[in-house]
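Each remark here refers to the structure printed beneath this line.
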Amino acid sequence: MTIGAEHERVSDLNGTIVVEAPSLTTPRGQEAIAALTKRRRLVLFLNSATWLLIVIAAGAIFSTGGWTVLGALMVICLAFGAPWPVLGFWNAVIGLWQLHGTKGKAETGQLYLDEAADQSPLTVNTAVLMTLRNEDPARALLRLKTVKASLDRTHEGARFSYFVLSDSDREDVIRREEAEVAAWRNADPDRERIIYRRRKDNSGFKAGNLREFARHWGSDYEFMLPLDADSLMTGEAIVALVRIMQKNPQIGILQSLVVGTPSSSAFARIFQFGMRLGMRTYTMGQAWWVGDCGPFWGHNALLRIEPYLQHCALDGLLKRGQILSHDQVEAVLMRKAGYEVHVLPVETGSYEDNPPDALEFMRRDARWCQGNMQYLKLLGMKGIEPVSRFQLLWAILMFLGVPAWTLLAALFPLAMLRAQDQADFPWYAVEIIYALLLAMHLAPKLAGIVDAILTRGEVRRFGGWLRFASGAIIEIIFSLILGAVTTIRTSIFMFGLIIGKSVVWNGQRRDGEGVTWADALRWLWPQFLFGSSLYLAMALISPAAVIWSLPLTAGYVLAVPFVVFTASPAVGRFFRRHGIAGIPEDFAPPVEIRAVQAGI
28 MTIGAEHERV SDLNGTIVVE APSLTTPRGQ EAIAALTKRR RLVLFLNSAT WLLIVIAAGA
88 IFSTGGWTVL GALMVICLAF GAPWPVLGFW NAVIGLWQLH GTKGKAETGQ LYLDEAADQS
148 PLTVNTAVLM TLRNEDPARA LLRLKTVKAS LDRTHEGARF SYFVLSDSDR EDVIRREEAE
208 VAAWRNADPD RERIIYRRRK DNSGFKAGNL REFARHWGSD YEFMLPLDAD SLMTGEAIVA
268 LVRIMQKNPQ IGILQSLVVG TPSSSAFARI FQFGMRLGMR TYTMGQAWWV GDCGPFWGHN
328 ALLRIEPYLQ HCALDGLLKR GQILSHDQVE AVLMRKAGYE VHVLPVETGS YEDNPPDALE
388 FMRRDARWCQ GNMQYLKLLG MKGIEPVSRF QLLWAILMFL GVPAWTLLAA LFPLAMLRAQ
448 DQADFPWYAV EIIYALLLAM HLAPKLAGIV DAILTRGEVR RFGGWLRFAS GAIIEIIFSL
508 ILGAVTTIRT SIFMFGLIIG KSVVWNGQRR DGEGVTWADA LRWLWPQFLF GSSLYLAMAL
568 ISPAAVIWSL PLTAGYVLAV PFVVFTASPA VGRFFRRHGI AGIPEDFAPP VEIRAVQAGI
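Note that this note's numbering has the sequence shown beginning at 28, numbered continuously upward.
Structure representation (structure tokens):
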């Protein structure tokens, strides 16, 4: 929610007008803040009450006959694991209500959408940045060239410059980067606005790369638009973000909603089908109450350079080491400085590639996990907004709940043994809580399906009813199996963090080449061993429990064939040929995606 166009302005020593903070004295500003405060209190109540009821109910169940160490552990695990599905449920419900339950439809972001539709010329300069580290230069630069061509078609292209910011340290990659950029500059009449820079070291990682750009070139530009090596945005989407930002100087970061690009990988297709549906209602619901303390995902977002330089430095925030997941910390610091951070919760032409297989997905998750766990040391930062502090906590809970669910599953056979020894143990209540949490876990996906059905013409954009329905069913099964596969891996990785292990942040594998059975088994034998042991224990105690546990446990024993099947190029080609798990851009790709697919 915007606080309005009114804002405080002060002059610096040179007489330059700079924006400090939104004015809280105007009636419009006060009214907006009061409404946002009520929303946050409502969401806090709904989530806290739901979580507390689940924990109290679990406590009543597992304390039957008196408290035991086992019962206490089960309740503690549930307390750590429940926040994620609970908030996901309420965000999805609120988002669906915003999209279809209110008289005026979604009001979240509507003011900004109206401003973006204004066709007035741009008056500010923006730097489009692509950060690279040991990536395929031709693949990445094809996307940046496509972005430039799309911006040029808007007739606002002269307001944009393009920077390739390299942190690569492999000589072969460096030579290819230099050759690709040189060829691009030689073929483009705007060669003076195409700049290549490579750092000799990777200090500060991506955040350090961006800050060095801002220090050296930031004075020439009002905004910067960071892109990852797999990012793609339409010119219209970028110009819309710039129009919003230039009309709202109180906004420091404006994040676009990023969706997946069409893929020939079966894994990526199914994954992004679910994300496309789930993110729509989830992000709309989240934006309704986070308001000016929104998330920042590090790319496909517009940043105001001056406050970014002044207030978003990460040096010194940790006593040792460098911050890995920089994006949300920068959003917190931007809001602390009085600038708003917003996500535009609608699909506007902002894309990224998704991991081509489950192994690459788990590698990415490990990097995020390591970065998010650093936030534990930042929760006590002084002067940050309560919602910003919650954003950091939420990023931690995203991974902290994973080992809790794993331990809960491991303890389950022991709980079954105890239930057999107690005639009065309320096993039906366990099944109710299980079903409730499973439904909450699936709520964003289910809400997204309902949203698509209720939105006129949306199912047709997904290829029609048959493709849409089959994709939805496949994706729900896929997500349950993937959840089980990744929980074991993340739990093992988090244990490794405790004893000092870490991952290297480097280039990512963007294109799928398949996963062999040997590689899958080498990576996933812990999942199979855990699942087999769990099933054997449950089968000996109560065979029926094996059946109803399948939604959350089948992935343990199916991990190896699941990974091999979803990574198979042949399966991917079959999915693409028949439009299985297709997204709208599969059936009506915009010109930018067609250009990338054609390699031109």
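By construction, the Cβ of each residue, glycine as well, lies at the ideal position given by its N, Cα and C atoms. Remember, it's a predicted structure, so these values are computed and weren't measured experimentally.
Since Ile-297 and Thr-593 are thought to touch, with beta carbons under 8 Å apart, how far apart are those beta carbons, to the nearest angstrom?
Taking the sequence shown and counting its residues from 1, one reaches residue 297 at position 270. Taking the sequence shown and counting its residues from 1, one reaches residue 593 at position 566. That belief holds up - the Cβ atoms of Ile-297 and Thr-593 are roughly 7 Å apart, short of 8 Å.
Are the beta-carbon atoms belonging to His-353 and Ala-241 less than 8 Å from one another?
Within the sequence shown, numbered from 1, the residue matching residue 353 stands at position 326. Within the sequence shown, numbered from 1, the residue matching residue 241 stands at position 214. No, these two residues do not count as a Cβ contact at 8 Å.
For the segment 198–234, list the beta strand (DSSP E) runs that are entirely contained and at least 3 residues long, ordered along the chain.
221–225
Measure the C-alpha to C-alpha separation of Ile-350 and Leu-419 and round it to an integer number of angstroms.
Taking the sequence shown and counting its residues from 1, one reaches residue 350 at position 323. Taking the sequence shown and counting its residues from 1, one reaches residue 419 at position 392. Between the alpha carbons of Ile-350 and Leu-419 lies a distance of about 13 Å.
With three or more C-beta pairs closer than 8 Å as the rule, is the segment 294–311 touching the segment 328–335?
no
Do the CB positions of Val-368 and Gly-321 come within less than 8 Å of each other?
Working through the sequence shown from its first residue, we reach residue 368 at position 341. Working through the sequence shown from its first residue, we reach residue 321 at position 294. Yes.
Can you tell me the Cα-Cα spacing of Pro-289 and Thr-375, whole angstroms?
Translated into the one-based positions of the sequence shown, residue 289 becomes position 262. Translated into the one-based positions of the sequence shown, residue 375 becomes position 348. Each residue's alpha carbon lies about 16 Å from the other.
In the structure shown, what three-state DSSP assignment does Thr-514 receive?
As a first step, residue 514 must be located in the sequence shown, where it is residue number 487. It is helical.
Roughly how many whole angstroms lie between the Cα atoms of Ala-608 and Glu-502?
Indexing the sequence shown from 1 puts residue 608 at position 581. Indexing the sequence shown from 1 puts residue 502 at position 475. Taking the straight line from one Cα to the other gives about 8 Å.
Looking at the secondary structure, which residues open and close the beta strand (DSSP E) in which Tyr-402 lies?
Taking the sequence shown and counting its residues from 1, one reaches residue 402 at position 375. Neither: Tyr-402 is in no beta strand (DSSP E) and is coded neither H nor E.
Could you give the distance in angstroms between the alpha-carbon of Leu-561 and the alpha-carbon of Ala-437?
Residue mapping note: residue 561 aligns to position 534 of the sequence shown, counting from 1. Residue mapping note: residue 437 aligns to position 410 of the sequence shown, counting from 1. Their Cα atoms are separated by approximately 7 Å.
For Pro-110 and Val-82, I'd like the C-alpha separation in whole angstroms.
The residue labelled residue 110 in the question sits at position 83 within the sequence shown. The residue labelled residue 82 in the question sits at position 55 within the sequence shown. Spanning the two alpha carbons is a distance of roughly 10 Å.
Output yes or no for whether 8 Å exceeds the beta carbon distance between Arg-68 and Trp-315.
For this step, residue 68 is matched to residue 41 along the sequence shown. For this step, residue 315 is matched to residue 288 along the sequence shown. No, the Cβ-Cβ distance between Arg-68 and Trp-315 is not below 8 Å.
Nearest-angstrom Cα distance between Leu-695 and Val-286?
Residue 695 falls outside the range modelled here, since the chain spans only 28 to 627, and no answer is possible.
Can you name, in chain order, every residue of its own chain whose Cβ lies under 6 Å from the Cβ of Tyr-366, other than the five neighbours on each side?
Counting from one through the sequence shown, the residue named residue 366 turns up at place 339. Correct list, in chain order: Gly-279 and Pro-334.
Comparing alpha-carbon positions, which option in Val-174, Arg-166, Thr-64 and Asp-384 lies nearest Asp-546?
Taking the first residue of the sequence shown as position 1, residue 546 is located at position 519. The option with the nearest alpha carbon to Asp-546 is Asp-384.
Buried or exposed: Ala-511, going by 16 or more other Cβ atoms within 10 Å of its Cβ?
Translated into positions along the sequence shown, residue 511 becomes position 484. Buried, since its Cβ has 16 or more Cβ neighbours within 10 Å.
Identify whether Phe-250 lies in helix, strand or coil by the three-state DSSP scheme.
Within the sequence shown, numbered from 1, the residue matching residue 250 stands at position 223. Note: Phe-250 maps to strand in three-state DSSP.
Run through the segment 341–395 for me and flag every whole beta strand (DSSP E) of 3 or more residues, listed as ranges in chain order.
367–379
Identify, in the order they occur along the chain, each residue of the same chain with its Cβ nearer than 7 Å to the Cβ of Ser-518, setting aside the five sequence neighbours on each side.
Residue numbering aside, residue 518 sits at position 491 when the sequence shown is read from its first letter. Answer for Ser-518: Val-429, Pro-430 and Thr-433, listed in chain order.
Which ranges does the alpha helix (DSSP H) cover as unbroken runs of at least 4 residues, wholly within the segment 62–97, from first to last along the chain?
none
Could you spell out where the beta strand (DSSP E) holding Gly-287 opens and where it closes?
Walking along the sequence shown from the start, residue 287 turns up at place 260. Gly-287 -> beta strand (DSSP E) spans 278–287.
My guess is that Gln-125 and Met-306 are in contact by the Cβ rule of under 8 Å, so how many angstroms apart are they, rounded?
The residue labelled residue 125 in the question sits at position 98 within the sequence shown. The residue labelled residue 306 in the question sits at position 279 within the sequence shown. At roughly 14 Å, the Cβ-Cβ gap does not stay under 8 Å, so Gln-125 and Met-306 are not in contact.
To the nearest whole angstrom, what separates the beta carbons of Val-414 and Val-542, a pair I think is in contact under 8 Å?
Here residue 414 refers to the residue found at position 387 of the sequence shown. Here residue 542 refers to the residue found at position 515 of the sequence shown. Their Cβ separation, rounded to whole angstroms, is 40 Å, which puts Val-414 and Val-542 out of contact at 8 Å.
On a CA-only basis, which of Leu-79, Leu-80 and Val-102 is nearest Ser-90? Give me that one, please.
Taking the sequence shown and counting its residues from 1, the one referred to as residue 90 is at position 63. Among Leu-79, Leu-80 and Val-102, the Cα nearest to that of Ser-90 belongs to Val-102.
For Cys-339, which of helix, strand or coil comes out of DSSP?
As a first step, residue 339 must be located in the sequence shown, where it is residue number 312. Here Cys-339 sits in coil by DSSP.
Within the chosen definition, does the segment 187–198 reach the segment 152–161 through at least 3 CB pairs nearer than 8 Å?
yes
Roughly how many angstroms lie between the CA atoms of Met-565 and Ala-462, to the nearest whole one?
The residue labelled residue 565 in the question sits at position 538 within the sequence shown. The residue labelled residue 462 in the question sits at position 435 within the sequence shown. Each residue's Cα considered, the two are about 18 Å apart.
Measuring only the C-alpha atoms, how far is His-243 from Asn-236?
Against the sequence shown, residue 243 aligns to sequence position 216. Against the sequence shown, residue 236 aligns to sequence position 209. Using only the alpha carbons, I get a separation of about 11 Å.
With a CB to CB cut of under 8 Å and the five nearest residues on each side skipped, what residues in its chain are close to Leu-444?
For the purposes of this step, residue 444 is taken as residue 417 along the sequence shown, with counting starting at 1. Closer than 8 Å at the Cβ level, and outside the excluded window around Leu-444, lie Ile-568.
Suppose the cutoff is 8 Å on Cβ atoms and the five residues either side in sequence are ignored; what does the same chain contact list for Val-113 look like?
Here residue 113 refers to the residue found at position 86 of the sequence shown. Hits under 8 Å: Asn-74, Thr-77, Trp-78, Ile-81 and Met-467.
Does the Cβ-Cβ distance between Gln-449 and Gly-92 come in under 8 Å?
On the sequence shown, position 422 is the one that residue 449 refers to. On the sequence shown, position 65 is the one that residue 92 refers to. For Gln-449 and Gly-92, yes; Cβs fall inside 8 Å.
Looking at the secondary structure, which residues open and close the beta strand (DSSP E) in which Leu-156 lies?
If you number the sequence shown from 1, residue 156 lands on position 129. Its beta strand (DSSP E) spans residues 153–159.
Ordered along the chain, which non-local residues of its own chain (more than five positions away) have a Cβ less than 6 Å from that of Tyr-402?
For this step, residue 402 is matched to residue 375 along the sequence shown. So the qualifying residues of the chain are Leu-419, Ala-422 and Ile-423.
Would you report the Cα separation of Val-191 and Ser-177, rounded to the nearest angstrom?
For the purposes of this step, residue 191 is taken as residue 164 along the sequence shown, with counting starting at 1. For the purposes of this step, residue 177 is taken as residue 150 along the sequence shown, with counting starting at 1. Their Cα atoms are separated by approximately 18 Å.
Note down the Cα distance separating Asn-213 from Tyr-309, rounded to an integer number of angstroms.
Counting from one through the sequence shown, the residue named residue 213 turns up at place 186. Counting from one through the sequence shown, the residue named residue 309 turns up at place 282. Distance between the alpha carbons of Asn-213 and Tyr-309: 45 Å.
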